[in-house]
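Shown next, in structure tokens, is the structure this report addresses.
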Amino acid sequence: MILGHVGARKGSLGVPGKNFRMIQGKPLIDWSLDLLFAHSQIDAVVVSTDDEEIYAHAVAKGALDIGLRPDELATDSAPKWGVWQHALEASQNVLGKSVTAFLDLDCTNPLRVPEDISGALALFHGEAPDMVMSVCESRKNPYFNQVEVDETGAIHVSKKLPGGVWARQAAPKVYDHVGCVYVVSPAYLRAADTIYEGRVLPYVIPSIRGFDIDEPHDLRLVEFLLGELNAGRL
13 MILGHVGARK GSLGVPGKNF RMIQGKPLID WSLDLLFAHS QIDAVVVSTD DEEIYAHAVA
73 KGALDIGLRP DELATDSAPK WGVWQHALEA SQNVLGKSVT AFLDLDCTNP LRVPEDISGA
133 LALFHGEAPD MVMSVCESRK NPYFNQVEVD ETGAIHVSKK LPGGVWARQA APKVYDHVGC
193 VYVVSPAYLR AADTIYEGRV LPYVIPSIRG FDIDEPHDLR LVEFLLGELN AGRL
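Okay, structure coming up:
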């Protein structure tokens with residue numbers, strides 16, 4: 013059984029109430045929920061939230077009725093991992109059967125397509141890692157054009173290589189961690205304390221689908237990109 017999950021905390025420092033903001037005619041959370049409900053490989057869907065309005069909306073659409081998340085998992089500093097662990101156990105109590113894969117979609121990343129879910133699941137089932145995590149190739153590279161400030165106030169490349177790197181193409185490839193899709197082994201989710209303790213494989217998506225809504229201007233940018241995506245121009 014594959015359990016689809018969306019986390020949607022009520023509070024947000026960058027964009028208050030963003031998870032229920034209207035984007036292209038529907039609440040932001042529905043861009044994730046609708047994909048999960050429509051996907052043939054997802055057997056059940058759960059939403060972890062401390063927001064009563066979001067919770068009632070999700071359950072009315074067909075999400076599992078697990079109740080609101082505990083207060084300690086509803087703070088700015090609450091780790092995603094703990095939210096996932098709680099959602100998994102609460103869901104299994106409702107389902108009465110074992111979950112074989114826990115698949116999470118970040119509520120703030122609405123540009124994913126169904127193939128992202130299918131591709132991540134194929135990688136998870138084919139390679140049997142502890143976890144699959146979506147990434148996209150980074151536009152900035154710590155070996156080439158990302159810098160840090162030293163104790164004197166001067167800047168230096170973040171990761172030095174012998175002889176230096178003087179062309180972007182010559183730098184080792186690095187990726188951005190993006191919230192498009194995660195697939196986690198339930199056994200690993202229960203046993204580990206953080207994401208990177210086990211064998212975590214990258215699922216690479218195009219950078220255009222890697223935008224997260226963290227700041228007010230991101231809402232306008234993502235709404236434009238969704239319009240382009242739906243019109244077949246991306």
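Going by my numbering, the residue at position 7 of the sequence shown is 19; the numbering climbs one at a time, nothing skipped. C-beta: ideal position from N, C-alpha, C; glycine also. Every value quoted in this text rests on a predicted model; they were computed, and no experiment measured them.
Inset, instruction - Kindly indicate the opening and closing residues of the beta strand (DSSP E) around H189. - result: Taking the sequence shown and counting its residues from 1, one reaches residue 189 at position 177. Residues 187-196.
Legend entry - One or two residues paired with D118 in a DSSP bridge: As a working mapping, residue 118 is identified with position 106 in the sequence shown. Paired residues: G19.
Inset, instruction - Determine which residues share a DSSP beta bridge with H168 and list them. - result: Counting from 1 along the sequence shown, the entry for residue 168 is found at position 156. E160, per the DSSP bridge assignment.
Inset, instruction - Round the Cβ separation of M143 and S110 to the nearest angstrom and send it over; I've been treating them as touching at under 8 Å. - result: By one-based count along the sequence shown, residue 143 stands at place 131. By one-based count along the sequence shown, residue 110 stands at place 98. Distance from M143 to S110 at the Cβ level is roughly 18 Å; contact not present, criterion being Cβ atoms closer than 8 Å.
Legend entry - Three-state secondary structure assigned by DSSP to P218: Against the sequence shown, residue 218 aligns to sequence position 206. Of the three classes helix, strand and coil, the one that applies to P218 here is coil, per DSSP.
Legend entry - Cβ separation of D63 and A20, assumed to be a contact under 8 Å, to the nearest whole Å: What you label residue 63 is simply residue 51 of the sequence shown in a count that begins at 1. What you label residue 20 is simply residue 8 of the sequence shown in a count that begins at 1. That belief holds up - the Cβ atoms of D63 and A20 are roughly 7 Å apart, short of 8 Å.
Inset, instruction - Buried or exposed for P39, please, with buried defined as at least 16 other CB atoms from any protein chain shown within 10 angstroms of its CB. - result: Along the sequence shown, read from residue 1 onward, the residue named residue 39 stands at position 27. P39 comes out buried.
Legend entry - Best match in A56, G210, L213, D42 for proximity to I66 [C-alpha to C-alpha]: Along the sequence shown, read from residue 1 onward, the residue named residue 66 stands at position 54. Ranking the options by Cα distance to I66, first place goes to D42.
Legend entry - Coil, strand or helix - I66 by DSSP: Taking the first residue of the sequence shown as position 1, residue 66 is located at position 54. When DSSP states are grouped into helix, strand and coil, I66 belongs to the helix group.
Inset, instruction - Identify whether V125 lies in helix, strand or coil by the three-state DSSP scheme. - result: Reading the sequence shown from its first residue, position 113 is the one you call residue 125. Coil.
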